[in-house]
Structure formats: structure tokens, C-alpha cells
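Read left to right, the sequence shown gives residues 39 to 333 (our numbering).
Note that beta-carbon positions come from the ideal geometry of N, C-alpha and C, so glycine has one too.
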Amino acid sequence: MEIESTPHKHLTGMAMRARRYFERKFPVTRLNFLGILGIGTILFLLAAACIGPVLAPFDPYVQDLSVRLSPPGAVYYLGTDELGRDILSRLLYGARVTLLIVVLVVVISGPIGILLGCSSGYVGGWADVFLMRLTDAFLAFPRLVLALALAAALGPGLENAILAIALTSWPVYARVARAEALLVRDSDYVSMVKLQGASSWRIIFIHVLPMCLPSACVRITLDMAGIILTAAGLGFLGLGANPPSSEWGAMIASGHPYIFDQWWLVTMPGLAILAVSLGFNLVGDALRDMFDPRI
């Protein structure tokens, strides 16, 4: 029996070593099932945004009052709205708007928050105190309330909604980056670089910033669900994309008077928002477990 079990143990040991090797070389292999499910949801959103016009069975902006408020069926798979527009087609086109909002908000607020947080944590002093009190002022208000106030001041429109959400998103990233910078600035290798005569900006960009990116990227990924929900909230209140845009929050706003009798007008875009937000949360949790378990 011992002779027969030896090859099995040997193969098991080889399999474990191979698994550890691939996990070390390719961290993506450590993703769990929920992380893979989240990636699949995001890939579906990307596909819907890229090839939505090809997949859409109808023009999302064409009105046909003869089929208004039609329930889901063989012709209109997800039903029609109060103006006779196909809901499935509008959801596919609305994926573009949702993806555009997420990408632009991250592109605007991500670099600003990370750079300010790294600089504040490394430099310290009055600059650090000022930035932290500024972030405290932003974080004292719920994001949706603050974004609503900014969007109301800027006026309705997709561009103003994106700007309002971006202005309320950067403080969280600055906090995360600052916390990492405080840990890095007193490390031995940073002290050695200082002794070599490197400038503060060189140290920040070359040595501090790369150490802050993993935690910041995890936080940004987790925050994408909040961005989608905030954008949907602004769209629901009429401060997002203008009609006849197929933004998901605006679709819920136009369909909520019919929620009791024609439930699909609100349920379908609501499920789309839920699925995409959950997908980003699952990916963020998987990245947190993979790169930065401390968060």
C-alpha cells in the first residue's frame, strides 16, 4: 500500500507546487468564483456597449403608440415603455451611457485623488492638514446629496452630472493614497533615495506612487458601483442625461408612474443597475483579496 501511495503523494506535491507557481506569476488565477462572475458581468456590459446597436432588435428612440406598455413577449422581449419604445433596445444603448459615466468619472477623479493623497502623505505639514480637512468637509455629506447639489448648480445634462460625481469621488481615493504614503515615506529605501539627493517630486512619482496604486485601484473598483448608483440617482431626479437618452436612471424615472400595473418599465432598468453594480463590487472584493487583504 505504501508503494502505491507514493506516486499519488508525489503527483499531489507537484500539483501544489505548480499551483503556487501560477498564483505567484499570474495573480489572476487566485480569483474566486464570485470574482469571475463579476468579471463576466462587466464583460457583458462592455459587449453591450460596443455591439449594442447590432444586438438591439429595434431603434430605441422610435415611438410607436400602438404598442405602448406592451408586456414582455415574443416580439418585445422585455416589453415597451409608455411611448412604445422597446425596453431591451434602450437598455443596450443605455449601457454605453453607463460605461461612459464610469470611465470618465474614474479618469477625472482617480488621478487627482491619488496624486493629492500621495503628495499630502509624503510632504506632511500644513499641506497635509489642509488637504485632510478638505476631504473631511467633502466626506461629511452623503455623496448623492453633494452630487445633487453640484449638479443642480451646474444644470441638468450628462456632462454636468459626470463632473458633479467626479468632484465628490476624489476625497476617498486621496485618503487611501495618503494612508499608503505615510507608511512608505519612513521606509529605508526612501531614506536612501533622499541621501542620494533625489527631489521630493521624483521620490513621490518614482517610489511612493507605485506603492499606493494597488490599494487605490482596489478602492476605485469598489467605488464604481457607487458611481453607477449616484449617476442613476441623478438621472432619476432629472439632473443626468437629457431625454430621449436611454440612461437607466432616467428610464426608471419615466416608468415609475406605471410601476404597479406595468412593472417591467421600472424592473428591467433596475435589474440592469443591480447586476452591473454587483459585478463591480464582486470584482473589487476579489482584487482586494488578491492584492491588498488589509482593506
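Judged by beta-carbon spacing, T206 lies within the 8 angstroms limit of A185, meaning their Cβ atoms are closer than that value. DSSP places T305 within a helical segment (H, G or I) once states are collapsed to three. Residue A212 holds the alpha-carbon nearest to the alpha-carbon of S147 among L303, A212, L233, S283. A straight line joining the alpha-carbon of A199 with that of Y227 spans about 43 angstroms. Between A263 and F274, the C-beta gap is not smaller than 8 angstroms, which leaves the two residues out of contact.
Of the residues R326, A133, P194, S158, the one whose Cα lies closest to the Cα of S238 is S158. A direct Cα-Cα distance of roughly 40 angstroms separates A85 from L169. The secondary-structure analysis by DSSP pairs T268 with nothing; it has no beta-bridge partner. Taking the CA atoms as reference points, V314 sits about 6 angstroms from T79. Between M306 and L129, the CB-CB gap stays under 8 angstroms. Judged by DSSP in its simplified three-state form, T118 adopts strand. In this structure, G117 and R106 do not form a Cβ contact; the two beta carbons are roughly 10 angstroms apart against a cut-off of 8 angstroms.
By the Cβ-count criterion, N70 is exposed, with fewer than 16 other Cβ atoms from all chains shown falling within 10 Å of its own Cβ.
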